[in-house]
């Protein structure tokens, strides 16, 4: 159970008139990295939605450490901080792909909903997904 | 049958590192102006969607005349260029709200779909909407 | 020293395929509300930038309480939580303009930079702005 | 003188409540593809801007053929339609990376500006860049 960091080339339209990436885009990058990571571990988000499982964002936070500029590639490493089958928390570290300098750290909180936006217990609704999340959680907390 | 131009205050996040509004945002402003205008003439788009009528964009074009900057308010005037109950074309003129200087002109093409994304004939599906579109068309072409 | 909440009509392009506003847009709304509020109290952000004062975002957080949909208007009330002339923190409450139901609460942290992205002490660089921020802070903490 | 099509994985935040990619994002994809293509042929856009050459968008158009959905990868092929050292036009074909089905075709028009937003003649200002654009143009029109 392993995954590669997500890579993102900064887009021109992601810059603002400070000539740096607008802060709101990191929140979108977290989502890109989360979707990529879920796919890597065998949980493609489009398939999950087709099976009627939605993972909305309950909370999000970011601390901006250094500025990201156009022309740069960033590497984003997600980590499953908390998971109990009903809620989860994911953290993100965004670094410059060349130097490794930290650009931003952040976190997002989620629950699991069905198509009617009612909370569901993943263990009951999709035990196969639940098993994968447990494995991912174990991999993230192995070293502690 | 009359309507006011739509006003939009330029957002900081709409700028790019050229210190002007990124060109893709004008396409979004066209949509904002279109939705506002439809509401003004009695065709609120959220209600249309609830009644099962979707108006996708088939084509879009824009010509950028002068640059728009943060701190500016633009005024956008939509005009129903073509309408035949199956398709329509709307044009947009974006001007600086203070000076009237033209920032951008553009156009969007649309059809009408039902919830299954099948084309529909508005005259049959929603004769009340069709009647309004005809009135709007007449108002736009009155002077010609 | 008083200000009105900022109003935002939800845009179609702000929705995602869950048929709700994508969570990243609230971060942009915070900025819209912050810019509007600064202008209301006499600190227009475009003027501040022209005077060489930049207010970057150091951190941001949001808790999503209920879902916002297209067709809705939200009202956003910013509040100056902390201010010491070098850094500031602003909180935001996003409510449905009709019912007052809370959609989201959030917070952003900022410092003040000059054109070379070097930190500055607002009291020294722009004592007039500093005085306004102090008044705003007092107004926000009056009742406590 | 050859280049590979640009690949883009559709992002969740690029969808709207029609459960398809919002039409404004294709305009951003054109830019992504253009930047990638310029880099492939030896004209990295961040380097051009550092040398004081800006390539603003004068016009843009798109025709939407079929809908793009989340979970999909699109492939975008830019082509230099016109180039005379003062202006250029680029066309784009967006296809589903798997099936090759055409999603969208479009075009963007550009000029070349210096840092003061004054038009420049690329042949004079940057003959090395001009030579590359001529080669790219020749490669695009070879077969005709």
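Protein chains in written order, with my numbering: chain A, 1264 to 1407; chain B, 1264 to 1407; chain C, 1264 to 1407; chain D, 1264 to 1407. C-beta atoms are modelled at their ideal positions from N, C-alpha and C, and glycine is treated no differently.
Residues near residue i by beta carbon distance below 6 Å, same chain, minus five either side
| i | result |
| --- | --- |
| residue 1372 (chain C) | 1321, 1322 and 1352 |
| residue 1398 (chain A) | 1264 |
| residue 1340 (chain B) | 1268 and 1356 |
| residue 1315 (chain C) | 1377 and 1378 |
| residue 1344 (chain D) | 1352 and 1354 |
| residue 1279 (chain D) | 1285 |
| residue 1346 (chain B) | 1396 and 1400 |
| residue 1301 (chain C) | 1308 |
is_contact[residue i, chain D] using C-beta, thresh 7 Å
| i | result |
| --- | --- |
| residue 1284 (chain B) | no |
| residue 1379 (chain A) | no |
| residue 1287 (chain C) | yes |
| residue 1235 (chain B) | Residue numbering for chain B in the displayed model covers 1264 to 1407; residue 1235 (chain B) lies beyond these limits and cannot be assessed. |
| residue 1267 (chain A) | no |
| residue 1353 (chain B) | no |
| residue 1275 (chain A) | yes |
Supposed contact pair residue j and residue i - C-beta distance, whole angstroms, cut 8 Å
| i | j | result |
| --- | --- | --- |
| residue 1284 (chain A) | residue 1295 (chain A) | No, residue 1284 (chain A) and residue 1295 (chain A) are not in contact; Cβ-Cβ is about 13 Å, not under 8 Å. |
| residue 1368 (chain A) | residue 1355 (chain A) | 7 Å |
| residue 1358 (chain D) | residue 1366 (chain D) | 6 Å |
Residue i at chain A interface by Cβ criterion, 7 Å
| i | result |
| --- | --- |
| residue 1326 (chain D) | no |
| residue 1396 (chain D) | no |
| residue 1278 (chain B) | yes |
| residue 1333 (chain D) | yes |
| residue 1349 (chain C) | no |
| residue 1337 (chain C) | no |
| residue 1270 (chain D) | no |
| residue 1392 (chain D) | no |
Sequence-distant residues of the same chain with beta carbon closer than 8 Å to residue i, five excluded per side
| i | result |
| --- | --- |
| residue 1298 (chain C) | 1308 |
| residue 1384 (chain B) | 1348, 1349 and 1375 |
| residue 1306 (chain A) | 1392, 1395 and 1396 |
| residue 1334 (chain B) | 1273 |
Proximity test, Cβ basis, 7 Å: residue i and chain B
| i | result |
| --- | --- |
| residue 1291 (chain C) | yes |
| residue 1323 (chain D) | yes |
Inter-residue Cα distance where the pair is residue i and residue j
| i | j | result |
| --- | --- | --- |
| residue 1273 (chain A) | residue 1289 (chain A) | 10 Å |
| residue 1270 (chain D) | residue 1363 (chain D) | 12 Å |
| residue 1304 (chain C) | residue 1331 (chain A) | 31 Å |
| residue 1391 (chain D) | residue 1311 (chain D) | 11 Å |
| residue 1338 (chain C) | residue 1328 (chain C) | 15 Å |
| residue 1292 (chain B) | residue 1393 (chain A) | 43 Å |
| residue 1382 (chain B) | residue 1389 (chain B) | 13 Å |
| residue 1405 (chain D) | residue 1342 (chain D) | 12 Å |
| residue 1275 (chain C) | residue 1287 (chain C) | 14 Å |
| residue 1325 (chain B) | residue 1386 (chain A) | 50 Å |
| residue 1402 (chain D) | residue 1266 (chain A) | 40 Å |
| residue 1317 (chain C) | residue 1317 (chain D) | 24 Å |
| residue 1313 (chain B) | residue 1313 (chain A) | 22 Å |
Spatial neighbours of residue i in its chain, beta-carbon cut-off 7 Å, leaving aside the 5 residues before and after
| i | result |
| --- | --- |
| residue 1319 (chain D) | 1373, 1374 and 1376 |
| residue 1281 (chain B) | none |
| residue 1360 (chain D) | 1270, 1336, 1337 and 1338 |
Cβ of residue i within 7 Å of any chain F Cβ
| i | result |
| --- | --- |
| residue 1309 (chain B) | Protein chains in the displayed structure are A, B, C and D, and chain F is not among them. |
Contact with chain C by residue i, beta-carbon distance below 7 Å
| i | result |
| --- | --- |
| residue 1345 (chain B) | no |
| residue 1302 (chain B) | no |
| residue 1295 (chain B) | yes |
Near the ligand ATP: residue i beta-carbon under 6 Å from a heavy atom
| i | result |
| --- | --- |
| residue 1374 (chain B) | Summarising the ligand content, the structure contains no ligands, and the ligand ATP is consequently not present. |
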